[in-house]
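Asks: With the first letter of the sequence shown counted as 1, position 80 gets the number 139 in this note's numbering; the numbers rise by one all the way through.
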Amino acid sequence: MKKNNKIFLPVIMILIFTLIYALGFSSNVAYANRDFILRSADYPIDAFNSEIQPFNNLLFYMCIVMFILTIFVYTTESHKRTKLLNSNVITISLLSGTMIIFSLINFLKLPGFISKYSLLLKNHEEEFIRMKRVSSLMPNNNMYYFGLILSAISLIYAIFMIVSLVRRMKRQKEYIAKRNEVLANAL
């Protein structure tokens, strides 16, 4: 069990941090959107919720799915259900990689949105000042960089899980081959 903990405990930590990141990033986006609507009555901008927020929602639900799958991985490992275990490990690895993609989509889109709506409000000095304040905070806030670090960790973990799975399957094949050889010699 100790050996399995070395493999599966990191995913639980990543799940917790990813969940915190998803909630924090969504909160920042929601706050910016509220600021635009309440303080820019002439230009009620709802782009953040309509275009970026779905990615955060999907990231949130993926975290929940990964948490459930991790529980199943522990359960199947304790019962030695090898095929189901391998299937769950593959699924978790794919979800880890998918989270990286959606995180990067968020990161790449956000500065573009800020620039676009800054141009829209450029002729209105008061709104433009507010937009500049938000744009100076959003790309540089701690959650942004934390998300980049999390993406790198997720990528490393996904690779680690795939390598571990390949090694596990290789050991299984070697064990079956040796067992068949012993049985053949016994006969």
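Ideal Cβ placement from N, Cα and C applies to all residues, glycine included.
From a predicted model like this one, the values you see are computed outputs, not experimental measurements.
Pull up the distance between the alpha-carbon of Asn-127 and that of Ile-149, whole angstroms please.
Replies: It should be pointed out that residue 127 corresponds to Ile in this sequence rather than to Asn. Cα to Cα, Ile-127 sits roughly 14 Å from Ile-149.
Asks: Work out the CA separation of Lys-232 and Val-225 for me, nearest whole Å.
Replies: 11 Å
Asks: How long is the line joining the alpha carbons of Met-228 and Val-222, rounded to whole angstroms?
Replies: 10 Å
Asks: If you draw a straight line from the C-alpha of Val-124 to the C-alpha of Phe-219, how long is it?
Replies: 20 Å
Asks: In whole angstroms, give me the CA-to-CA distance for Tyr-234 and Glu-240.
Replies: Computed Cα separation, rounded: 10 Å.
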